[in-house]
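Participant: Following this message is one structure expressed as structure tokens.
Number of protein chains: 2
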Amino acid sequence: MTTHRSSFSPPPGDPWLTIGEHTFRSRLIVGIEQYDSVSVVRDVLTITGADVFITTVDPDNRRSSLLLSDLDNAIDLDRFVWIGTTSFSRSKDSALRTAAILRDSLGIRILKLDVRGENNVPDNRQTLEAAHELRADGWALMPFILPDVEMAMALQAAGCEALRVMASPVGSGRGIADPGPIQEIIDAASIPVIVEGGLGSAKHVALAMEMGAAATLVNTALVQAKDPMKMALSMRYAATAGRLAYESGPMPEAVAV
Amino acid sequence: MTTHRSSFSPPPGDPWLTIGEHTFRSRLIVGIEQYDSVSVVRDVLTITGADVFITTVDPDNRRSSLLLSDLDNAIDLDRFVWIGTTSFSRSKDSALRTAAILRDSLGIRILKLDVRGENNVPDNRQTLEAAHELRADGWALMPFILPDVEMAMALQAAGCEALRVMASPVGSGRGIADPGPIQEIIDAASIPVIVEGGLGSAKHVALAMEMGAAATLVNTALVQAKDPMKMALSMRYAATAGRLAYESGPMPEAVAV
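For the protein sequence lines, the chains are A and B, in the order given. Read in order, the letters of the first sequence are residues 1443 to 1699 in the numbering used here. Read in order, the letters of the second sequence are residues 1443 to 1699 in the numbering used here.
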């Protein structure tokens, strides 16, 4: 009984992704670029059990949401795997410039690659083009795409480390609008699939994980909850619950989405 | 940060139901009548964090799934709130006889009242009739019904302590087949609403809790999972995740079911 009691604490877990010396264990990744308070970023990262720290620059106006020097005073940033993101980019060229800045200024070599159109949804074609160029330059890539299995396979073939597949538009909170194509990608891919975009609540995260996602990424759902820290904790439980359910081999009737 | 770290352990939580000296805190209730192993019952109760122990007799053949004397050797049964169930009953009279046996043999005064038809779904009319008779006899009642708001209000008016509303047929694993009427009951009732029946996986439990259920009851989902203990742990996380999400005040787009 003692064993079972203690196992209620979230298992540390084997890494679901390893890139060089960097291991990704937490099944929940959080975006932090919407916060303007260092202490809030610290608390969100702590409560969610995050082991990834996402940073970026805006290549066009050199805007950064928070100063890293301030964050570094509040958080032991060395505990995290640092990855960069191009989430401000609206073109391949902008993404490539962002990547170069992140590499040159921070030494980052792992990229959460986003190339979104003006409607803020991924531009799959430009993302694939950017991926080819960045791979040739030695980047480890985690590209964000609309759920299209052919595109997913092309990015896998290009050597990407993981795929990030859109559940519903970023910030929409609408959850997994159409599970079919996402399930198809999870089933077809041999690299980890992260479900991201529009995950608004615990039930969305649990569903994604039960579908076999390696991890989920949340952001706006925390920012817009009346109590962001409580939602952050909820999301951590939900990611663990969903993963455990997936691993437990649920009764077949409960697997359909 | 220390505070937030420690708060990842499930909060003990205020009781969501108090009946006399008995308090219900765990948001997850587990049925145990399908197990034939004492050690499995012990582990399931422990892993799920259950604080309710459900026992029954079959009034027609005096069958009890496990001998209480054996369980008592393996589990400190005094840690639990003991409630009886009439889940074997297929008529009002059978339920009343079961209740009388549970009272006379075990001193139980809290009843998980089930009167199901031959199709194994609740017979709302007979359940209400049984509730009136049992209330007159001093029982604390938690009746199981098909989601019908008028029936829910009638049972509340009859003095029931909590309502148990069917998500989908018991054992089906199909989750919340039609959230609308269940949401209607949760919104209308002033007593706690437990969602039960067909909850097959973590995502179903999270959804029910996000709808505002006070608790969820699971049973077959654990028994039929390939790894019941892993699913039991998943369900515990899912109930907590869903409750926290509900309490956090999610963005409106994520509240719709």
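All residues carry an ideal CB built from backbone N, CA and C; glycine is no exception. For clarity, every value in this text was computed on a predicted model and none was experimentally measured.
Less than 8 Å between the CB atoms is what I'm expecting for B/Ala-1594 and B/Leu-1605, so what's the real figure, rounded?
Facilitator: Contact between B/Ala-1594 and B/Leu-1605 holds, since their C-beta atoms are separated by about 5 Å, short of 8 Å.
Participant: Over what stretch of residues does the beta strand (DSSP E) that includes B/Ile-1461 continue unbroken?
Facilitator: Element bounds for B/Ile-1461: 1459-1461.
Participant: Is the CB of A/His-1464 under 8 Å away from at least one CB in chain B?
Facilitator: no
Participant: Ordered along the chain, which non-local residues of its own chain (more than five positions away) have a Cβ less than 6 Å from that of B/Asp-1500?
Facilitator: Cβ neighbours of B/Asp-1500 beyond the five flanking positions: Phe-1530.
Participant: Count the other C-beta atoms from every protein chain shown that fall within 10 angstroms of the C-beta of A/Leu-1459, then say buried if there are 16 or more, exposed otherwise.
Facilitator: buried
Participant: Do the CB positions of B/Ala-1657 and B/Gly-1642 come within less than 8 Å of each other?
Facilitator: One thing to note: B/Ala-1657 has its Cβ no nearer than 8 Å to the Cβ of B/Gly-1642.
Participant: I need the boundaries of the alpha helix (DSSP H) containing A/Lys-1668, first residue and last residue.
Facilitator: Counting along the chain, A/Lys-1668 falls outside any alpha helix (DSSP H), and DSSP gives it neither H nor E.
Participant: Round the Cβ separation of B/Gly-1639 and B/Ser-1610 to the nearest angstrom and send it over; I've been treating them as touching at under 8 Å.
Facilitator: 6 Å
Participant: Cβ closer than 7 Å: which chain B residues qualify as neighbours of A/Thr-1682?
Facilitator: Tyr-1679
Participant: Applying a beta-carbon distance threshold of less than 8 Å, which residues of chain A neighbour B/Gln-1476?
Facilitator: None at all; the shortest Cβ gap to chain A is about 13 Å.
Participant: Note down, in chain order, every chain A residue with its Cβ under 7 Å from the Cβ of B/Gln-1666.
Facilitator: Met-1693
Participant: Can you pull the DSSP bridge partners for B/Ala-1573?
Facilitator: Answer is none; B/Ala-1573 lacks a bridge partner.
Participant: In three-state DSSP terms, what is A/Pro-1694?
Facilitator: helix
Participant: Can you pull the chain A neighbours of B/Ser-1643, defined as C-beta to C-beta under 7 Å?
Facilitator: Glu-1652, Ala-1687, Pro-1692 and Ala-1696
Participant: According to DSSP, is B/Gly-1684 part of a helix, a strand, or is it coil?
Facilitator: The answer is helix: DSSP assigns B/Gly-1684 an H, G or I state.
Participant: Helix, strand or coil: which one does DSSP assign to A/Arg-1606?
Facilitator: strand
Participant: Just the Cα atoms here: how many angstroms apart are A/Pro-1694 and B/Val-1660?
Facilitator: 16 Å
Participant: Alpha carbon to alpha carbon, how far is A/Asn-1515 from A/Arg-1539?
Facilitator: In this structure, the CA atom of A/Asn-1515 is about 28 Å from the CA atom of A/Arg-1539.
Participant: Distance, Cα to Cα, A/Gly-1617 vs B/Gly-1473?
Facilitator: Answer to the nearest angstrom: the Cα atoms are 31 Å apart.
Participant: Can you tell me where the alpha helix (DSSP H) with A/Thr-1540 in it begins and where it stops?
Facilitator: Here the alpha helix (DSSP H) through A/Thr-1540 covers 1534-1548.
Participant: Give, in chain order, every unbroken run of the alpha helix (DSSP H) that is at least 4 residues long and sits entirely within the segment 1496-1525 of chain A.
Facilitator: 1510-1516
Participant: Can you have a look at A/Glu-1603 and say buried or exposed, based on whether 16 or more other CB atoms are within 10 angstroms of its CB?
Facilitator: buried
Participant: A/Asp-1564 by DSSP, collapsed to three states: which one?
Facilitator: The sequence given here places Pro at residue 1564 of chain A; Asp does not occur at that position. A/Pro-1564 falls in the strand class under three-state DSSP.
Participant: Find the nearest neighbour of A/Leu-1487 within the set A/Pro-1670, A/Val-1647, A/Thr-1682 and A/Val-1697, judged by alpha-carbon distance.
Facilitator: For A/Leu-1487, the nearest C-alpha among the options comes from A/Pro-1670.
Participant: Find out if the Cβ-Cβ distance for the pair B/Leu-1583, B/Ala-1573 is shorter than 8 Å.
Facilitator: yes
Participant: Taking 8 Å as the threshold (beta carbon to beta carbon), is A/His-1646 in contact with chain B?
Facilitator: yes
Participant: With burial defined as no fewer than 16 other Cβ atoms inside 10 Å of the residue's Cβ, what is the status of B/Lys-1668: buried or exposed?
Facilitator: exposed
Participant: Counting only Cβ-Cβ distances shorter than 8 Å, please list the residues of the segment 1599-1627 of chain A near chain B, keeping chain order.
Facilitator: Within the segment 1599-1627 of chain A, the qualifying residues are Ser-1614, Gly-1615, Arg-1616 and Gly-1617.
Participant: Could you pull the start and end residues of the alpha helix (DSSP H) that A/Glu-1638 belongs to?
Facilitator: Careful: A/Glu-1638 lies outside any alpha helix (DSSP H), inside the beta strand (DSSP E) at 1635-1638.
Participant: Rounded to whole angstroms, what's the CA-CA distance from A/Ser-1451 to B/Ala-1687? Just pull it up for me.
Facilitator: Low confidence applies here, because A/Ser-1451 scores a pLDDT of 48, under 50, leaving its location unreliable and the question unanswered by this model.
Participant: Give the interface partners of A/Ala-1663 over in chain B, defined as CB-CB distance under 8 Å, in chain order.
Facilitator: Pro-1692, Met-1693 and Ala-1696
Participant: Give me the DSSP bridge partner(s) of B/Met-1584.
Facilitator: B/Lys-1554
Participant: Do we get a CB-CB distance below 8 Å when we pair B/Met-1673 with the residues of chain A?
Facilitator: yes
Participant: At 7 Å on the CB atoms, spell out the chain A contacts of B/Ser-1676, in chain order.
Facilitator: Ala-1683, Leu-1686, Ala-1687 and Ser-1690
Participant: What residues of chain A sit near B/Leu-1649, judged by a beta carbon separation below 7 Å?
Facilitator: Lys-1645
Participant: Using the C-alpha atoms, what's the distance from B/Gly-1691 back to A/Ser-1468?
Facilitator: 24 Å
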